[in-house]
Structures are given as structure tokens and as C-alpha cells.
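Here's the structure we're looking at; comments come further down.
Numbering (our numbering), first residue to last: 817 to 1326.
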């Protein structure tokens, strides 16, 4: 089964599985297809994370998060008055060194089965001959801060010849992106337009294979993302606080339950950027943040009847919601969860001339001015200050659950800083409230990230519930959606696939 945010990509992944490919093969095909059919977030000009669990219990986590170029400086996005500019969001200077192509190539080299060129063939064909633009993509393109495919309407065919040629070169030689024709053209365009990425930056980029974080919740094993993601630490810390609290006895999405979970969220987000960053640049106290004694201390500070005061620390940077996630399980039981991103919708809004792909604006995930509010009103942490070669902090949270040592659930979500709470609530809905995977995904969600100090609610909560939350001291805020989860649950001999109704994704299986 494949669950992805775009139907063509999901079908492409299933076709690879039917042809004898494994879950890693399918993930590569899906990722490159999304670069064609889901340009707001699918990418070769960005980066992300791949989490995998194999049938024999082995696991891996491939970190292909972007890196700051060597020319990056701590204060590069501050004006003469010390205020953040928009250069980290739009234009050539916003891009960090992309990691997607080398990250997927590493996954293929170590764990793939099918020939690399065959896995890219569907994406190349779609880019070369085009595909009918669905309503969702037409609307997205119309609102995009980029000239990419302007004027495209529903039903038009989107043809991307430059991208097809770039993908064909990568299909012949993956490193073309970093040392070949593509690299040379990209670096030349960067130099011409004031960007920072050089041939040396591209050549030097390396993905990192890390050890996933592990934990447990009510007998379920948890496998999740390590730093530079904050997501895995958040999932393990929050589940630790909730386990043994009895919060679920008050009933699903009751005011008492929402309050308790929201208070748990507040405590994690207060820790998030104070302590978490790129582990290659600073020591991250992961064990301390999820240690049972610390978790018990956090739990003891929660008042079930009112919002409590949390001593101000430093909260993390703004992150766009425009990321994408897909989940895959093959017929041998290999599970892959991939979350990758351009950061903002359509990234920096820049299409590399002659290359056809959009560039990320991942530099905005660093702290432009540590210790002070950025343009989004968030105070950012010193561990996430800009440094050459550093990976910015992320909330991407690909996660896998096991039960009795066997694969049980694969999930993840886009959503920027709200990814972690979307994944958390989907797990709670399945484990604590007995929902099937689709109901668990479709249920209304909420989010609290400590600062700004308000509880964000999707539609679907009753007026009585909101009044009770206000009486407990919560300042309420409305939002259209908290994440878009793609998940698979293994139920005996069956696979349950759930695509989020907040988007236009698809679960495909056989």
C-alpha cells in the first residue's frame, strides 16, 4: 500500500510494488513523481527525512535535510536596523543546499532492489508528455508566489520539458545534480542572481544515516525521527507525559481531554528550540528531554482544571505548512515513511533556469536573530542560529509503530510546526480511542505550541466544548487544518490506508 498526498504519485508507487520493487524502490518513484505532479512541496530542490523498518526488525533514518551554504552568515537576513528581511523567504538568497537527490540515491544504493533509472522513468514521462491539471493544483498555482506555470487552468496539460531533461540526467547518473551539468547550471544561475550556493557546496553535500529514536506507549513500540527533527523528541516526550495520566478517561475530544493534551503540547514546545538543533553542531540533550524522571516532572506540573504558567524559554522558528508526506508498506512488511519539503509553498518561488525545478526557501527555518522575535512574532533559539554547513531545525515527524514486535502503523504529515501535534493526535485516536485509521485521520484536531499563547482549533468542536476550554483559561484561535496525515495500519492480514480529507491525497493498495 502507498498513501500519498497526490493520486498519480500513489499509483506510481503501487505500480513499482506490483512489479516486484520493495518499499524503498516505491518511495523513490513516489518522491520523484511528486516533484512533477505536486510542485508546491514535492521536490528535487529541497530535502527531508526517510524512516524505514525492515521485516527482520532492522531500522534506519536517512537525513537529507538541506544545509546552509558556506557563504551563509549569522546575520545575513537582518537589515541595517537589525530587523529580519524577506530574503530568507523569497528569491535566490533563500535557498539552502538541496539534499533530496543524494538522500534518495543513498537509500537506493543501500536498500533498493529495482534499477534506479526505471524508478525515475514514470516521473520523466509525466514531465515530458504532461498530465491533466486537477482543480486542486490549478487553484494552488493561481495563488502561488511564483511565475511557475502561471495561467494553467483545470484540465490543461502541464508539460515540464526542462524538468524532464534534468530528471533524465539524474536517471543516468544521480550525482549529476551535485557535480554534473545540473550542478554547473544551478551554480551559474546562483552566481548570476545573487544566490549563495556554489559548485563546492553542491559537491560537498552529504546525507546522513542516523539511528531512529525509539520508545514505547502502552505496549506499542515507537520508532521516530531524531534531531535535527524536533518531531521525534516531541512525540516521545508527549506520549510519556500522557501515559499513566488517565487523560483518556474523560472521553475523546472532551474539554478535559483537550485541555490536558494541550498542556502537554505547551510543555514540549517550550523545550523545543531551547534544546534542539543540528546534532552535528551542538550537543542535543535528547535522553534528558524524554527521561522518565523529567517526563514525570512535566506531568506533575499540569493542572487538569486550568491553564498553568510555564516559565518562558525560547520557542522555535516559523515553518511553512507546505511539506508533503507519504507512507508505504510492501508485501514483505518493509515500512517506509518519508517527509520532505521545499519549506514554503513552491519554496523560494524561484525556478532554476533551464532546469525546471523549484528551489527551497529552507534558510527561513534558521533563527535570523536568536533571542528576539522574528517577523512572525516567534522568539528563536541560539542552537538554530545560521552557520555554514548547518541543517535547520525541523518538525518533520515520520513515525512507525509496532505491536508485539510486528509492524503496526506508519504515518507522518506536512504542516510545519503543527506536524508533531497532527501525528500525536492520530496515534492517540488509534491507540487510546480505538478508531480505524481513516476516522483517526479525519477527526478534528487542535494545536498548541506555547507561543503565541493560544489553543488553535479546527472546525468540528462544539460550542459547549469551546466554552469549557475558555473557562480553563485557554485563548482560542480557529484554523482550517492541522496537518494532512497519510497513514497505514496493519490489521492482521489487512492493510488500512488513510489519506487526509483536508487535502486531495489517495490510498492505493493491492
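Built from N, CA and C at the ideal position, the CB exists for glycine as well.
- For residue 1073, the enclosing alpha helix (DSSP H) begins and ends at 1071–1091.
- Cβ-Cβ separation between residue 968 and residue 945: approximately 16 Å, too far for a contact (criterion under 8 Å).
- Within the model, the alpha-carbon separation for residue 1206 versus residue 1284 is close to 44 Å.
- Residue 1186 is classed as buried because its beta carbon has at least 16 other beta carbons within 10 Å across all chains shown.
- In the structure shown, the three-state DSSP call for residue 821 is coil.
- When DSSP states are grouped into helix, strand and coil, residue 900 belongs to the strand group.
- A distance of 8 Å or more separates the beta carbons of residue 865 and residue 890.
- Residue 884 has its alpha-carbon roughly 9 Å from the corresponding atom of residue 1012.
- The Cβ atoms of residue 1288 and residue 1077 lie no closer than 8 Å to each other.
- Inclusion of residue 1047 and residue 1150 in the CB contact set at 8 Å is not warranted, their separation being larger than that value.
- Per DSSP, the unbroken alpha helix (DSSP H) holding residue 1241 starts and ends at 1235–1247.
- By the criterion of at least three beta-carbon pairs nearer than 8 Å, the region 1218–1225 is not in contact with the region 1013–1028.
- Pairing residue 1112 with residue 1053, the inter-Cα distance amounts to about 10 Å.
- Where residue 1222 is concerned, the enclosing beta strand (DSSP E) starts and stops at 1222–1228.
- If you compare the alpha carbons of 1228, 1181, 886 with that of residue 1209, the shortest gap goes to 1181.
- Pairing residue 1326 with residue 989, the inter-Cα distance amounts to about 32 Å.
- For residue 1259, the CB contacts under 6 Å within the same chain, skipping 5 residues up- and downstream, are 1245 in chain order.
- With respect to residue 821, residue 1300 sits close: the two C-beta atoms are nearer than 8 Å.
- Annotation for residue 1047: the continuous alpha helix (DSSP H) segment containing it runs 1047–1058.
- Comparing C-alpha distances from residue 1200 to each of 852, 1314, 1088, 840 shows the shortest one belongs to 1088.
- Counting other Cβ atoms within 10 Å of its Cβ, residue 1069 reaches 16 or more and is therefore classed as buried.
- Residue 1324 is bridged by DSSP to 818.
- Residue state for residue 962 is assigned as coil, using DSSP reduced to three classes.
- Just so you know, the alpha carbons of residue 1072 and residue 892 end up roughly 45 Å apart.
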